[in-house]
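Participant:
There are 2 protein chains.
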Amino acid sequence: MQKQNKLKVLANPKLAEAAAAIEKALAQRRTLIVAGNCKVLYSGRAKSTLEPGERILIIKEDGSLLVHRPVGYEPVNWQPSGSVFHVETKAGSIEVHAVRQKPRENVRVLLYEIFMVSALSLTDSGEFSLHASEKEMHQAILMKPSLLEEGFKPISYEKKVEPGFVDVYGVDKNGKLVIVEVKRKTAGKEAVLQLAKYINAVKGKADRELRGMLVAPSLGKHVHRLLVTLGLEFKALDPKKCAKVLKKDKNSKLETFFEEST
Amino acid sequence: MQKQNKLKVLANPKLAEAAAAIEKALAQRRTLIVAGNCKVLYSGRAKSTLEPGERILIIKEDGSLLVHRPVGYEPVNWQPSGSVFHVETKAGSIEVHAVRQKPRENVRVLLYEIFMVSALSLTDSGEFSLHASEKEMHQAILMKPSLLEEGFKPISYEKKVEPGFVDVYGVDKNGKLVIVEVKRKTAGKEAVLQLAKYINAVKGKADRELRGMLVAPSLGKHVHRLLVTLGLEFKALDPKKCAKVLKKDKNSKLETFFEEST
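These protein sequence lines map, in sequence, to chains A and B. Count along the first sequence from 1, add 38, and you get the number used in our numbering. Count along the second sequence from 1, add 38, and you get the number used in our numbering.
1) Starting from A:Glu133, trace the beta strand (DSSP E) in both directions and tell me its first and last residue.
2) Nearest to A:Phe123 by CA position, among A:Glu89, A:Ile179, A:Leu103, is which residue?
3) Would you mind sorting B:Asp245 into buried or exposed? The rule is 16 or more other CB atoms within 10 Å of its CB.
4) Check whether the segment 55 to 67 of chain A and the segment 134 to 154 of chain B touch, using three or more Cβ-Cβ pairs below 8 Å as the test.
5) Tell me which same chain residues have a C-beta within less than 7 Å of the C-beta of A:Val301, skipping the five on either side of it?
6) Determine the chain B residues that contact A:Phe123 at a beta-carbon separation under 9 Å, and present them in chain order.
7) Would you mind reading off the limits of the beta strand (DSSP E) that contains B:Phe266?
8) Would you report the Cα separation of B:Ala73 and B:Arg67, rounded to the nearest angstrom?
9) Starting from the beta carbon of A:Lys223, find every residue of chain B whose beta carbon is closer than 7 Å, and list them in chain order.
10) Tell me which residues share the same chain as A:Arg303 and place their Cβ nearer than 8 Å to its Cβ, disregarding the 5 neighbours each side in the sequence.
11) In whole angstroms, what separates the C-alpha of A:Lys191 from that of A:Leu248?
12) Can you give me the C-alpha to C-alpha distance between A:Glu165 and A:Leu53, rounded to a whole angstrom?
13) Quick check on A:Ile28: buried or exposed, where buried means 16 or more other Cβ atoms within 10 Å of its Cβ?
14) Applying the criterion that 16 or more other CB atoms from any shown protein chain within 10 Å of the CB defines a buried residue, is B:Lys140 buried or exposed?
15) Can you tell me the Cβ-Cβ gap for B:Ser121 and B:Val105, rounded? I've got them flagged as a contact below 8 Å.
16) Note down, in chain order, each residue of its chain lying with its Cβ closer than 7 Å to the Cβ of B:Gln177, except the 5 sequence neighbours on either side.
17) Determine contact between the segment 182 to 198 of chain B and the segment 210 to 226 of chain B, defined as no fewer than three beta-carbon pairs at a distance below 8 Å.
18) Give a yes or no on whether the C-beta atoms belonging to B:Asn115 and B:Leu149 are separated by under 8 Å.
19) I'd like to confirm the pairing. Which residues does DSSP put opposite B:Ala49 in its beta bridges?
20) Which residues in the same chain as A:Gly101 place their Cβ atom closer than 6 Å to its Cβ, once the five residues preceding and following it in sequence are excluded?
21) For A:Lys243, count the other beta carbons within 10 Å of its own beta carbon; 16 or more makes it buried, fewer makes it exposed. Which is it?
22) Does chain B have any CB closer than 8 Å to the CB of A:Ser163?
23) Once the 5 residues before and after B:Lys10 are set aside, which same chain residues still bring their CB inside 6 Å of it?
24) Quick one: is A:Glu92 buried, meaning 16 or more other Cβ sit within 10 Å of its Cβ, or exposed?
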């Protein structure tokens, strides 16, 4: 029985039936999915008109609205959460009007023909978590060197330096060479000693001052003293933050869409 | 009959039924809407895990994918168009796997319980058009003065200057005063004369050199000569471009989401 209550769906309803179902779903704060032929008018900071076509309208329980065309991953129109809705039945159409107060923005969806009205009660408390591997942390640092410090310029990464590979290798704003060791979990004494070894290996060959930087989300107990004794530095960096930097780059196309196309 | 073909909907199907309907919809390149309890795993530039919860999965005919939670206007996971799909039925779940080739990115949606599968054939050729009023063009110039020229700094707008109001008023990179007259349609002789009047009104009072700039999407026939004779300038600016600037600002929250939260 509970499962039946999750979903109310009407296939090819008449406009009056559809309007009643839409009003009920909005009143009950259900997630509403409507597929149909519609025109969409937006007015706010600018104005836009979307001529009639067959689309999907989603109104979520928090009052956010999305209009999706049958192609493209971006919505063509939308409103953020907190929008207030009015439904009006007219001759030959239903108007769903979504108003955002601050700034004042209106989206009017005029539905002329409806294929489906679906009202869902969804429960979702699943946690969303982002991860980045150590290698992904390197990439994030290369993409956004200011994650380490302002003025840091990477020269190379995963560079072979006996006894192994230096994670990231660069120059700070004062021209000093920086050798960076990255850990995706709390860094212990081993990580500090590993970094010290690289510093020693490079010391003889470098023609300028050297800095050793241990980068990790946190430093283990009693490790800080060893770090200071060896003249090394610690920079806290969360793999989650690195994942966001990489994701952001992934999303540049989506951002471009919002900049260019709407 | 045609209308019936637009929509196939299953309410509370068994997993096997749902899997068959999903595979068929993908093969037929229909727009697919699935509501159900799912877990979502992403791997690509970074990794993310979304623990189980009740959500809406949309796969469009162009191979784009969206996973929407019951709140928020942003998708929690997505793939752009051109993704390739595999559906696998496992014990107690259906896995929908979306692969993007370049860069390689995987989204795996594991569906444990399905409330609805809806397959739609949507036709949408409606044109999307953006508009901005003259006032909105002023706002866009204030928000992004480089729309006029690099180094332009607005001082005031809709400023009273007998015989009327100057649209935008500012200083160029060389310190010259710039009086801007904005038109949202092709500018004719009247617009030029209007600008000339403002220039004459300000000339006596200003302590620095003056420039008059007519801003419009285009200049009417034979108007250019008059403009040059009066020592005025023309800058082409499309109201559509202004609408995009304003829209972009509206979207800053959405962009921030993609930067901060995923």
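For glycine and all other residues, C-beta sits at the position ideal for the given N, C-alpha and C. Quantities reported herein were computed from a predicted structural model and do not represent experimental measurements.
Facilitator: In terms of the structure at hand:
1) Counted from its first residue, the first sequence places residue 133 of chain A at position 95. Counting along the chain, the beta strand (DSSP E) containing A:Glu133 begins and ends at 131 to 138.
2) Counted from its first residue, the first sequence places residue 123 of chain A at position 85. Among A:Glu89, A:Ile179, A:Leu103, the Cα nearest to that of A:Phe123 is on A:Leu103.
3) The residue given as residue 245 of chain B occupies position 207 in the second sequence. Exposed, by the Cβ-count rule.
4) no
5) Outside the shown range of chain A, which is 39 to 300, sits residue 301 of chain A, and nothing can be said about it.
6) The count along the first sequence starts at 1 and reaches residue 123 of chain A at position 85. Under the 9 Å cutoff, chain B gives no residues; its nearest Cβ is about 14 Å from A:Phe123.
7) Counting from one through the second sequence, the residue named residue 266 of chain B turns up at place 228. As written in the sequence, residue 266 of chain B is Val, which differs from the Phe given in the question. Element bounds for B:Val266: not the beta strand (DSSP E) but the alpha helix (DSSP H), 261 to 267.
8) Within the second sequence, numbered from 1, the residue matching residue 73 of chain B stands at position 35. Within the second sequence, numbered from 1, the residue matching residue 67 of chain B stands at position 29. Taking the straight line joining both Cα atoms gives about 18 Å.
9) By one-based count along the first sequence, residue 223 of chain A stands at place 185. By Cβ distance, chain B contributes nothing, its closest Cβ being about 15 Å from A:Lys223, past 7 Å.
10) There is simply no residue 303 of chain A to check, as chain A begins at 39 and stops at 300 in what is shown.
11) Start at 1 with the first residue of the first sequence, and residue 191 of chain A comes out as number 153. Start at 1 with the first residue of the first sequence, and residue 248 of chain A comes out as number 210. If you take the alpha carbons of A:Lys191 and A:Leu248, they lie about 14 Å apart.
12) Start at 1 with the first residue of the first sequence, and residue 165 of chain A comes out as number 127. Start at 1 with the first residue of the first sequence, and residue 53 of chain A comes out as number 15. Cα to Cα, A:Glu165 sits roughly 39 Å from A:Leu53.
13) Since the first residue shown for chain A is 39 and the last is 300, residue 28 of chain A is missing from the structure and cannot be characterised.
14) As a position in the second sequence, residue 140 of chain B is number 102, starting the count at 1. So B:Lys140 ends up on the exposed side.
15) Reading the second sequence from its first residue, position 83 is the one you call residue 121 of chain B. Reading the second sequence from its first residue, position 67 is the one you call residue 105 of chain B. B:Ser121 to B:Val105, Cβ: 13 Å. No contact.
16) Stepping through the second sequence from its first residue, residue 177 of chain B is reached at position 139. Counting only Cβ-Cβ distances below 7 Å, and skipping sequence neighbours, we find Leu284.
17) yes
18) Translated into positions along the second sequence, residue 115 of chain B becomes position 77. Translated into positions along the second sequence, residue 149 of chain B becomes position 111. Contact: no.
19) Residue 49 of chain B sits at position 11 when you count from the first residue of the second sequence. Partner(s): B:Met154.
20) By one-based count along the first sequence, residue 101 of chain A stands at place 63. Around A:Gly101: Ser119, Gly120, Ser121.
21) The residue given as residue 243 of chain A occupies position 205 in the first sequence. The residue is exposed, with fewer than 16 neighbouring Cβ atoms inside 10 Å.
22) Within the first sequence, numbered from 1, the residue matching residue 163 of chain A stands at position 125. So, interface residue.
23) There is no way to answer for residue 10 of chain B, as the model of chain B reaches only from 39 to 300.
24) Reading the first sequence from its first residue, position 54 is the one you call residue 92 of chain A. Burial call: buried.
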